[in-house]
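In order, the protein sequence lines correspond to chains A and B. Position 183 of the first sequence, counted from 1, bears residue number 183 in the numbering used here, the numbering being contiguous throughout. Position 94 of the second sequence, counted from 1, bears residue number 538 in the numbering used here, the numbering being contiguous throughout. Even glycine gets a Cβ: it sits at the ideal position worked out from N, Cα and C. Everything numeric in this text was worked out from a predicted model, so none of it was measured. Worksheet: one structure, shown below.
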Amino acid sequence: MNAPLLELHEIQATILRQRPAPYFGTHVLLRVDDAQMGRAFLRRLSPYVDSATGWRIEANAWLAVGITYAGLEALGVPSDSLQSFPEAFRGGMAARARQLGDEGLNDPQLWDAPFGKGHIHIGVSAFSDSEEKHRRALAIARKQYEGFTGVSVLVMQDFGAQPGDRNSLGYKDGIDQPAIEGSGDEPLPGQGSPIKAGEFILGYPGEAGVLLPMPRPNILARNGTFVGLRKYQSRVGAFNRFLRANGRTEEDRELLAAKLVGRWRSGAPLTLAPEVQDPVLGADPRRNNDFNYANDPLGRQVPLGCHIRRMNPRDTTLTRLTDVNIHRLIRRGTTYGPPYDPNALSTEDDEVPRGSYFLFASAKAMATIEFLQQEWINDGDFIGASGERDPIIGLQKEDATFTIPKDPVRRRLHGIETFNVLRGGEYFFMPSLSGLTWIASLSD
Amino acid sequence: MATQTQSTGSKPDQAVENMVQEVRQLYADAPQLAKTALENGLPDLISQVAGARGSQTQTAGRVGIRQGKVSELTVIAPFAPGGARRLRALLRLLNGKFDADKVGTVHDMRFVFLDNDTKLLFATAYDGDWDPYIDDFATKIPDSMDILFANFEGWPGIRSPKVKDWIVKHQIPAESWYVANDLTVAETRRMTRVGKVLDEFLDKLGG
């Protein structure tokens, strides 16, 4: 069966184009106070929203636009269209706290403003590979809303610009991405066979050979996708305290950091660099993802419960029948705040505003993130790590453990804490370029 | 794993007392046999539950209920014409085991033919919530699912977007659900393995 040709000129660029390295950008979250003005704002912005075929604003800089359910409503989308969106999307992410396991430290009641109250209507992200191009792209976006009544800025969050593109816990991240059939991008070694486009973009067949459920009308839904945002606060003090409590030397601590994730912090996967880190390998996209777990069924190289093995089990034998390919996400993680500090140890350090605006996309993003949270992040039964949670984004209970399989006896670490606390989140719909025009052209 | 939606602490004694009163009142016009048995046996039954009042069931997701890690699914579905005969032959051929090992989360499966072979009661205990793995069945074991479920009226096919609605339409959430051991299938198998190894080790030690 031939893969259908993707309508690249309709699909927003950020869905298919990787995060550049280095990367710079800004997220802007807006509220629509007047439907007509909100649509006028979209009309002004639309020419600058890049499609996946090429760049409109200079090379290597682009805008992406997403709209929440509350935003679709505020913009005057008709009610039969609104009702056709999935229930999980309609309530917003805060309303899905039970399904997502967002309780305790992650409870939406504790989220940063403006998250969790239904005020976020539109999200605009500007991405770039240089500071200068970023500023220019942002200036263009700003011109469209500054002095513009009817649309208010709720949040402007710069991201990126980290030395070595490391995240707030010091790791090179965003390495593994799903290969999407028909995207025109050559799969990188280790990405596995391309997955049917319909898993990530609405209007194309998915892995079961049929279209995934789509909202109406077709012009709005086709070539669109759903995007989730989860804003994490990284508790760097707690992370460093854990490394020091369980690693006597600097080498021990780096190895422990590697065992938690499955990659050394410089990016090299443990499978290819089991004992000594290899920054050159870590920096090479043609090598740093080229591995599988065939020779490591017990997790003695890459712990079964470590972060990357949970987020993409690859060929690991799971305890339950699973099609890994239908649980993948396109990830556009963006680090914000000051860089990782290896000497941060205090609880004050835990609250320095730094972490990740974790952005993810798929044609069924809500169902996928809820699956991941329930099955692969806040539980370990699927992979033989029963009773344990993801060490990087799991919500840890009291006396939580992390097991490092070893010969002859496993090493079990006690008292692992929640290193990334959820402080906000929302679900967005990312329309095609025609979809954006359709919304912008609605009348009252 | 969904969060608990009901209280985890013990109910205050007054609430228990009220429920006991309600039960006594309802038994007031029950047959004498039942009334006598109630007076004799109720105190002991209540004492067994006293410490564990906190282990309330939770929802299993879209439909059904869950006790700890294990959920129940109870479906009553009308057979399509000829469906009962086909299913009976299939169950005999496969010894009632439909990909259960492959799925990995199924504790048990019960196929009960009702009302002169016009309906099936299908009941299973499985790990986790209702929603997560149904899409996986559609891509990994589509034929098994359709071989089994096409014997029922209105089954749209495992790949259809209407398939979850069909299940919900025929599923009846249990009123109550008790599970003896809060262990998943994977955990039970692991414990059996570990238990065997431990026994061998102790045998060696004991000489």
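- Between Ala268(A) and the set Asn312(A), Lys172(A), Leu298(A) and Arg300(A), the nearest pair of CA atoms involves Lys172(A).
- Only those residues of the region 58-82 of chain A whose C-beta falls short of 7 Å from the nearest C-beta of chain B would be listed, and there are none.
- Contact with chain A is absent for Val507(B), since none of that chain's Cβ atoms lies less than 8 Å from the residue's Cβ.
- Residue contact check for Ala630(B) against chain A: a CB pair falls below 8 Å.
- Exposed is the label assigned to Leu646(B), since fewer than 16 other Cβ atoms lie within 10 Å of its Cβ.
- Assignment of beta-bridge partners to Asp158(A) by DSSP yields Thr26(A).
- For Leu8(A), the three-state secondary structure derived from DSSP is coil.
- Our two residues, Pro475(B) and Arg510(B), have alpha carbons roughly 34 Å apart in a direct line.
- For Leu220(A), the enclosing alpha helix (DSSP H) has its first and last residue at Asn218 to Ala221.
- Segment contact: the region 109-125 of chain A against the region 425-437 of chain A, three or more CB-CB distances shorter than 8 Å; contact assigned.
- At a cut-off of 8 Å between C-beta atoms, Lys613(B) does not count as an interface residue with respect to chain A.
- Taking 8 Å as the upper bound for CB-CB distance, Arg331(A) and Gln177(A) are in contact here, some 6 Å apart.
- Within the region 564-594 of chain B, those residues whose Cβ lies closer than 8 Å to any Cβ of chain A are, in chain order, Asp571, Gly572, Asp573, Asp575, Pro576, Tyr577, Asp579, Asp580, Phe581, Ala582, Thr583, Lys584, Ile585 and Pro586.
- Scanning its chain for C-beta atoms nearer than 7 Å, with the 5 sequence neighbours on each side dropped, one finds around Leu436(A) the residues Leu42, Ser46, Val49 and Val65, in chain order.
- Annotation: Cβ neighbours of Ser386(A) in chain B (cutoff 8 Å, chain order): Thr628, Ala630, Glu631 and Arg634.
- Judged by DSSP in its simplified three-state form, Met553(B) adopts strand.
- In the structure shown, the three-state DSSP call for Pro269(A) is strand.
- Across the region 517-549 of chain B, CB contacts with chain A closer than 9 Å involve Asp543, Lys546, Val547, Gly548 and Thr549, in sequence order along the chain.
- Note on the region 66-128 of chain A: whole alpha helix (DSSP H) runs with a minimum of 4 residues are 69-74, 79-82, 87-90 and 97-100, in chain order.
- Annotated three-state conformation of Glu597(B) is coil, per DSSP.
- Interface annotation for the region 593-609 of chain B against chain A: Arg603 and Pro605, criterion Cβ-Cβ distance under 7 Å.
- Residue contact with chain B for Val280(A): absent (no Cβ-Cβ distance below 8 Å to any residue of chain B).
- Scanning Gln162(A), Val210(A) and Tyr145(A) for the CA closest to the CA of Pro586(B) turns up Val210(A).
- When the beta-carbon positions are compared, Phe200(A) and Ala88(A) stay at least 8 Å from each other.
- Here DSSP, grouped into helix, strand and coil, assigns Phe200(A) to coil.
- Segment contact: the region 621-639 of chain B against the region 371-390 of chain A, three or more CB-CB distances shorter than 8 Å; contact assigned.
- Nearest to Gly203(A) by alpha-carbon distance, out of Pro189(A), Ala74(A), Gly190(A) and Phe226(A), is Phe226(A).
- At a cut-off of 8 Å between beta-carbon atoms, Thr322(A) makes contact with chain B.
- Annotated three-state conformation of Gln18(A) is coil, per DSSP.
- Per DSSP, Met214(A) is not a residue of any beta strand (DSSP E), being assigned neither H nor E.
- Cβ contact annotation for Trp574(B) (same chain, cutoff 8 Å, sequence separation greater than five): Ala504, Gly505, Arg506, Val507, Gly508, Ser515 and Leu517, in chain order.
- Using a Cβ distance threshold of 8 Å, Arg136(A) and Ala61(A) count as a contacting pair.
- When the Cα atoms are used, Arg98(A) and Glu251(A) turn out to be separated by approximately 40 Å.
- Taking C-beta atoms as the reference points, Ala344(A) and Val421(A) fail to come closer than 8 Å.
- Around Gly91(A), the same chain offers Tyr69 as residues with beta carbons nearer than 8 Å, after the five sequence neighbours per side are excluded.
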